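Chains as they are written, first to last, in my numbering: chain S, 327 to 552; chain P, 327 to 552; chain C, 327 to 552; chain Y, 327 to 552.
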């Protein structure tokens with residue numbers, strides 16, 4: 327097996343959540359030195375503290391996830407749920423970028439991969455707050471991605487949906503007829519992705535095989551969003 | 327002249343800023359009863375207070391604007407600038423929606439027009455925080471717009487750029503060679519839109535001539551974004 | 327009633343088909359002098375012959391429609407169906423543009439509105455040939471639209487779906503449970519647009535109220551595509 | 327080195343043109359058995375003849391290229407240039423798909439990678455015919471890609487621009503100040519991609535590391551299109 331991240335220091339945030347475990351595992355298989363961070367990043371100084379602690383990194387995997395609160399109509403989304411979305415997924419993203427970009431710009435090399443959501447590029451009922459925060463991530467990386475390209479730092483985002491994870495697609499939910507109908511009608515590929523498949527895409531975006539990608543939010547959703 | 331908003335009660339927020347004045351003027355010419363609100367909506371109870379005060383409205387024009395802080399690299403955007411974007415343009419949007427949607431859903435009729443930004447759909451360097459907040463608006467209305475359609479309430483967003491306004495395009499800035507080069511190279515139409523032209527698009531989206539538009543962010547940028 | 331096209335000479339192609347009748351009617355109500363052409367435009371000289379005959383026009387409504395052949399898998403689409411799509415919807419579009427743009431550029435004024443399809447911006451199974459031809463229209467107007475903007479000629483396209491017309495949504499089809507399920511699941515607004523609603527959007531794009539729109543393909547589909 | 331295409335039979339069309347040589351070389355390094363075809367595919371029976379000759383294939387790389395004819399205004403594009411675009415890039419695509427999809431559907435496995443263009447997703451002046459044909463490819467694969475997903479066949483397209491190749495970016499052109507200005511202003515990454523970088527993306531889309539991608543046109547343009 328070839329190892330595509332040999333000698334790379336990689337920071338993975340929320341490493342126990344969402345796409346964290348699969349990413350840590352796959353990236354280690356590929357020779358990366360993975361710094362798996364489990365901090366809660368909502369605290370304003372948390373992001374910079376993590377980066378200070380780990381020092382120089384070649385690759386940041388911004389894995390930020392909050393519950394999607396599926397099925398709540400927008401006008402019923404209360405302040406608490408609303409702010410959690412931004413506090414967990416949006417503000418820490420900027421703080422992480424603030425902390426890692428200067429060192430990457432200085433070395434003129436670096437990669438950032440963001441695990442985001444296809445709900446940030448395609449409308450879906452019942453997830454207004456979540457979609458809004460995920461779209462904020464995309465608007466952000468499209469802009470910063472262009473700035474970073476000039477320093478040979480590539481920033482891209484996986485706009486995913488229908489990837490196996492207990493938070494959004496519990497085993498229980500997968501057994502409902504509602505879920506089966508979604509798979510049949512809305513997801514051309516007719517199945518969930520495994521977390522490992524998703525991590526393989528992150529690997530591509532983190533490796534030097536994707537140096538020409540700049541500030542892109544790329545759908546990973548089995549055809550739900552194209 | 328035909329009047330396309332006769333009998334309509336319209337709430338325009340931040341009525342002295344951004345697209346407020348042009349909107350108030352044009353909508354009044356079209357027979358609307360315009361409630362021009364000048365409140366600062368950053369306070370968490372401000373949005374609902376405004377809606378409580380004005381009572382039932384047929385049309386909400388969500389005109390929310392903060393300085394774009396053009397030209398700051400993302401890693402130099404401090405917490406203060408960052409949060410201002412969301413405090414002014416994103417959180418009040420949700421609060422306004424929370425306040426007006428129930429009455430619109432009950433009557434099964436209503437329109438919301440959001441003055442947003444094309445930087446929410448197309449990457450631009452030097453405006454990462456602004457772009458992120460504007461993208462958050464778009465992710466939000468794409469989701470809520472779908473929910474609202476089922477209640478005969480239409481929500482759409484003007485993804486604008488290059489519209490005359492003193493905040494973003496001062497007379498001084500318009501005289502720089504930098505501005506002229508942008509017009510020549512990046513804006514096919516080669517000029518700024520007038521605020522009135524923009525308000526005419528808002529009028530279309532607010533009138534019953536656009537009942538089939540659902541949760542759309544439509545570019546209004548002279549060809550910069552298409 | 328205000329008339330928004332007074333003094334305008336408008337050419338509407340395939341005037342008896344698709345959106346032709348509703349457009350001719352509405353545009354005439356708005357004071358336009360409408361040249362309703364019924365020619366088959368597949369013949370290579372047909373487009374220029376029509377424009378030669380009518381002389382100067384202010385507005386071209388490119389209404390080009392072929393059967394969608396809904397439900398045929400791509401590998402079963404034969405040469406005949408395939409070429410019909412391009413012969414009816416794509417090649418005549420270019421020929422019409424070749425015929426009208428020089429006069430519009432000379433006068434530095436003009437509008438072109440293309441009735442296109444949302445299948446050109448969003449994937450849909452069973453309509454590969456049709457989608458391909460409709461996407462070709464969109465790729466075309468995005469490019470030409472930018473060129474034309476410099477001459478004060480605005481070219482835009484209505485990326486529609488779910489608009490009443492006997493060809494694509496026969497009364498019979500509308501009564502099937504399949505159709506009703508589509509309306510319920512895939513079309514947030516839950517109904518077809520009337521042809522008149524669609525023509526109202528064309529009116530907006532043909533009038534001087536939309537001078538800042540450049541080469542855009544705008545969804546008109548009740549939320550199916552956003 | 328790991329080999330990601332061991333045991334795969336790959337057909338690469340126009341193997342001496344555009345991205346052909348780099349693809350053939352890289353895919354062979356990865357263990358593929360590459361059938362490098364040089365046929366002119368404009369003839370209506372050419373595509374099926376090629377597929378008949380090579381028999382079963384696991385992967386089709388649809389590499390179809392015609393001169394972009396950069397810099398011609400739309401109304402000056404003659405019939406000959408116009409039809410060449412569709413005859414070279416669009417009609418053969420459908421014929422190739424017709425020829426290979428049945429065998430892939432039967433085996434319930436297969437990959438198709440199309441080398442397309444970012445001008446099919448983003449407007450650019452002076453390339454209307456080329457853009458139209460490239461957009462036609464995209465509209466096509468978005469539709470067929472969804473159909474094919476149900477048979478475990480993945481079809482995706484590289485929407486590229488600014489990739490080294492003598493046809494579009496000759497050494498001579500690269501030395502002009504016009505080219506240098508484009509790199510500086512319009513391409514955030516500030517350089518052309520090598521053909522090998524592009525082939526690496528094709529490798530990703532051709533390998534089993536991208537099984538969850540369905541009918542997508544993904545920008546590969548150094549940030550020009552995002």
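For each residue, glycine too, the CB sits at the ideal point set by N, CA and C.
Since the structure is predicted, the reported quantities are computational estimates derived from the model, not experimental observations.
One or two residues paired with residue 457/P in a DSSP bridge: Along the second chain, read from residue 1 onward, the residue named residue 457/P stands at position 131. According to DSSP, residue 457/P bridges with nothing at all.
8 Å Cβ cutoff, residue 428/P in contact with chain S: As a working mapping, residue 428/P is identified with position 102 in the second chain. At least one chain S Cβ lies under 8 Å of residue 428/P.
Enclosing alpha helix (DSSP H) for residue 432/P [first to last residue]: Stepping through the second chain from its first residue, residue 432/P is reached at position 106. Here the alpha helix (DSSP H) through residue 432/P covers 417-433.
Exposed unless 16 or more other CB atoms sit within 10 angstroms - verdict on residue 370/Y: By 1-based counting over the fourth chain, the position of residue 370/Y is 44. The residue is exposed, with fewer than 16 neighbouring Cβ atoms inside 10 Å.
C-alpha gap between residue 551/P and residue 457/P, whole angstroms: Position 225 of the second chain, counting from 1, holds the residue named residue 551/P. Position 131 of the second chain, counting from 1, holds the residue named residue 457/P. The alpha-carbon of residue 551/P is positioned some 14 Å away from that of residue 457/P.
Cβ contact check for the segment 465-480 of chain P and the segment 427-442 of chain P: 3 or more pairs under 8 Å: yes
Under the three-state DSSP convention, the category residue 443/C falls into: The residue labelled residue 443/C in the question sits at position 117 within the third chain. Strand, per DSSP.
Within 8 Å, strictly: CB atoms of residue 442/Y and residue 549/S: In the fourth chain, the residue the question calls residue 442/Y occupies position 116. In the first chain, the residue the question calls residue 549/S occupies position 223. Contact: no.
contact_flag[the segment 514-533 of chain P, the segment 479-487 of chain P] where n(CB pairs < 8 Å) is 3 or more: yes
Same chain only: Cβ atoms within 8 Å of residue 452/Y, ignoring 5 sequence neighbours per side: To locate residue 452/Y, count along the fourth chain from 1; it is residue 126. Within the same chain, residue 452/Y has close Cβ partners 396, 397, 398 and 399.
CB contact below 8 Å: residue 472/C versus chain Y: If you number the third chain from 1, residue 472/C lands on position 146. So yes, residue 472/C belongs to the interface.
Contact with chain P by residue 545/S, beta-carbon distance below 8 Å: Here residue 545/S refers to the residue found at position 219 of the first chain. Cβ-Cβ to chain P under 8 Å: no for residue 545/S.
Boundaries of the beta strand (DSSP E) in which residue 337/S is found, first to last residue: By 1-based counting over the first chain, the position of residue 337/S is 11. Looking at the DSSP string, the run of the beta strand (DSSP E) that includes residue 337/S is 335-338.
Identity of the residue in 356/P, 355/P, 378/P and 357/P nearest residue 363/P by Cα: Counted from its first residue, the second chain places residue 363/P at position 37. Among 356/P, 355/P, 378/P and 357/P, the Cα nearest to that of residue 363/P is on 378/P.
Proximal residues to residue 488/S (C-beta, below 7 Å), its chain only, five neighbours per side dropped: For the purposes of this step, residue 488/S is identified with residue 162 of the first chain, where counting begins at 1. 513, 518, 519, 547, 548 and 550, listed in sequence order.
8 Å Cβ cutoff, residue 498/C in contact with chain P: Here residue 498/C refers to the residue found at position 172 when the third chain is read from its first residue. No - not a single Cβ of chain P is within 8 Å of the one on residue 498/C.
contact_flag[the segment 490-510 of chain Y, the segment 407-414 of chain Y] where n(CB pairs < 8 Å) is 3 or more: no
Opening and closing residue of the beta strand (DSSP E) in which residue 546/P lies: Indexing the second chain from 1 puts residue 546/P at position 220. It spans 542-546 - the beta strand (DSSP E) in which residue 546/P sits, taken as one unbroken run.
DSSP bridge partner residues for residue 479/Y (one or two, in chain order): Indexing the fourth chain from 1 puts residue 479/Y at position 153. According to DSSP, which records beta bridges pairwise, residue 479/Y is partnered with 436/Y.
Residues sharing a beta bridge with residue 398/Y, DSSP: For the purposes of this step, residue 398/Y is taken as residue 72 along the fourth chain, with counting starting at 1. Bridge partners of residue 398/Y according to DSSP: 453/Y.
Residue(s) in a DSSP beta bridge with residue 484/S: Residue mapping note: residue 484/S aligns to position 158 of the first chain, counting from 1. Looking at the DSSP assignment, residue 484/S forms a beta bridge with 441/S and 544/S.
CB contact flag (residue 418/S, residue 390/S, <8 Å): The residue given as residue 418/S occupies position 92 in the first chain. The residue given as residue 390/S occupies position 64 in the first chain. Less than 8 Å separates the beta-carbon of residue 418/S from that of residue 390/S.
Buried versus exposed call for residue 499/S [16 or more other C-beta atoms within 10 Å across all chains shown]: Position 173 of the first chain, counting from 1, holds the residue named residue 499/S. Under this definition residue 499/S is an exposed residue.
Interface partners of residue 535/S on chain Y, CB under 9 Å: Position 209 of the first chain, counted from the first residue, corresponds to residue 535/S. Per Cβ cutoff of 9 Å: 523, 526, 527, 529 and 530.
Sequence-distant residues of the same chain with beta carbon closer than 6 Å to residue 431/P, five excluded per side: Locating residue 431/P in the second chain gives position 105, where the first residue counts as 1. Correct list, in chain order: 477.
Which residues DSSP lists as bridging residue 389/S, in chain order: Sequence index remark: in the first chain, residue 389/S carries index 63 (1-based). Looking at the DSSP assignment, residue 389/S forms a beta bridge with 441/S.
Whole-angstrom distance between residue 354/Y and residue 358/S, CA atom to CA atom: For this step, residue 358/S is matched to residue 32 along the first chain. For this step, residue 354/Y is matched to residue 28 along the fourth chain. Approximately 27 Å between the Cα atoms of the pair.
8 Å contact criterion, which residue 386/P and residue 332/P should meet: CB distance rounded: In the second chain, counting from the first residue as 1, residue 386/P sits at position 60. In the second chain, counting from the first residue as 1, residue 332/P sits at position 6. Not really, about 18 Å apart at Cβ, beyond 8 Å.
Listed by chain order, chain S residues near residue 552/C by CB distance under 9 Å: In the third chain, the residue the question calls residue 552/C occupies position 226. Result: 448 and 449.
Under 8 Å from the C-beta of residue 511/C: neighbouring residues of chain S: By one-based count along the third chain, residue 511/C stands at place 185. Ordered by position in chain S, the residues that pass the 8 Å Cβ test against residue 511/C are 511.
Residue nearest to residue 545/Y in terms of C-alpha spacing, selected from 516/Y, 463/Y, 454/Y and 446/Y: Here residue 545/Y is taken as the residue at index 219 of the fourth chain, counted from 1. Among 516/Y, 463/Y, 454/Y and 446/Y, the Cα nearest to that of residue 545/Y belongs to 446/Y.
Close Cβ partners of residue 365/S (< 6 Å) along its chain, the five nearest in sequence each way excluded: For this step, residue 365/S is matched to residue 39 along the first chain. Same-chain partners within the cutoff: 372 and 376.
Supposed close pair residue 335/Y, residue 361/Y - CB separation, criterion 8 Å: As a position in the fourth chain, residue 335/Y is number 9, starting the count at 1. As a position in the fourth chain, residue 361/Y is number 35, starting the count at 1. That pair is a contact at about 7 Å.
Residue 599/Y (DSSP reduced to helix, strand or coil): This structure leaves residue 599/Y out entirely; chain Y is present only between 327 and 552.
Proximity to residue 496/Y [Cα-Cα], best of 543/Y, 464/Y, 449/Y and 344/Y: In the fourth chain, residue 496/Y corresponds to position 170, counting from 1. It is 344/Y.
Residue 513/C in three-state terms, based on DSSP: Counted from its first residue, the third chain places residue 513/C at position 187. Three-state result, residue 513/C: coil.
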